[in-house]
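Residue numbers (the UniProt record's numbering): 1 to 194. Think of the CB as a built atom: it goes at the ideal place given N, C-alpha and C, for glycine as much as any other residue. Owing to the predicted nature of the structure, the values given are computational and were not obtained by experimental measurement. Here's the structure we're looking at; comments come further down.
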Amino acid sequence: MALSWKAFRYKIKLQYYKNYNTDEERLASIPPRVEPNQWPTLVRYWGLKKTQGMAQKNSDNRANLTCHPRTGRRTFARRTEDNEPIDDLSIYRSTQCIGNDLYNAEDGLAEREETIRRRLLELPEEERETNIEARDNIFKDVIGEDGHGRVLCKGVVARPKNARSRSSSLSFQNYEDELSKLQREADEREARHQ
1 MALSWKAFRY
11 KIKLQYYKNY
21 NTDEERLASI
31 PPRVEPNQWP
41 TLVRYWGLKK
51 TQGMAQKNSD
61 NRANLTCHPR
71 TGRRTFARRT
81 EDNEPIDDLS
91 IYRSTQCIGN
101 DLYNAEDGLA
111 EREETIRRRL
121 LELPEEERET
131 NIEARDNIFK
141 DVIGEDGHGR
151 VLCKGVVARP
161 KNARSRSSSL
171 SFQNYEDELS
181 KLQREADERE
191 ARHQ
């Protein structure tokens with residue numbers, strides 16, 4: 001549902017916002033599937049400097065992409081159910097290649113794939129397809145680890161090393177400190193009353 005709304009907003013912005021130079025012109029041409037009382041809100045939102053800056057930043061980021069993934073119709077959850085390999089390398093290859101051919105030979109993808117192939121050949125033959133940990137390590141060495149704002153394979157999930165963020169660790173530590181303090185105070189009160 002959210003993706004449909006996003007796609008709809010994109011089309012509306014393209015046809016009814018960007019085609020006009022002034023807000024008066026934009027407000028005069030209300031898109032057919034938009035409520036007349038909601039259209040001024042969208043026009044105001046798209047006109048904000050913050051929104052325009054965010055849109056420009058997103059456009060620049062898309063222009064700088066080196067790997068343009070394609071996933072097809074089958075989700076990775078479905079692939080897991082069908083017992084297909086679900087390591088990062090398999091996912092990466094399935095989104096970057098069509099069959100054995102590289103999907104996008106530009107942007108160094110061919111060189112990265114060749115490096116991955118050479119590294120896999122260094123593994124014992126029986127482990128090349130089955131050793132998930134080794135395959136993930138090769139992937140991380142050649143392609144890199146997921147980072148903030150950079151998700152390469154399985155989408156937005158908590159990575160094991162980040163499952164407990166610093167802020168949540170600190171708040172948990174603060175909670176434990178406060179609990180210890182209250183326990184000491186309770187023990188002192190109890191000792192005074194005996």
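Three-state class that DSSP yields for Pro32 in the structure shown: Assigned with DSSP and collapsed to three states, Pro32 falls in coil, not helix or strand.
Taking Gly144 as part of the alpha helix (DSSP H), name the residues at either end of that continuous run. From DSSP, Gly144 is part of no alpha helix (DSSP H); its letter is neither H nor E.
Where the alpha helix (DSSP H) containing Ile116 begins and where it ends: In this chain, the alpha helix (DSSP H) harbouring Ile116 covers 109-122.
In angstroms, rounded to a whole number, what distance separates the CA positions of Lys181 and Asp87? Those two C-alpha atoms are separated by around 46 Å.
Taking the alpha-carbon positions, what's the Ser59 to Gly53 distance? CA-to-CA, the gap between Ser59 and Gly53 works out to about 10 Å.
Could you check the C-alpha separation between Gln183 and Glu113 for me, to the nearest Å? Using only the alpha carbons, I get a separation of about 58 Å.
Taking the straight line between their C-alpha atoms, what separation do you get for Arg128 and Glu145? Near 20 Å, if we compare the C-alpha coordinates of Glu145 and Arg128.
Could you tell me the distance, in whole angstroms, from the CA atom of Ala133 to the CA atom of Arg117? The amino acid at residue 133 is misidentified as Ala; the sequence shows Glu. Each residue's Cα considered, the two are about 16 Å apart.
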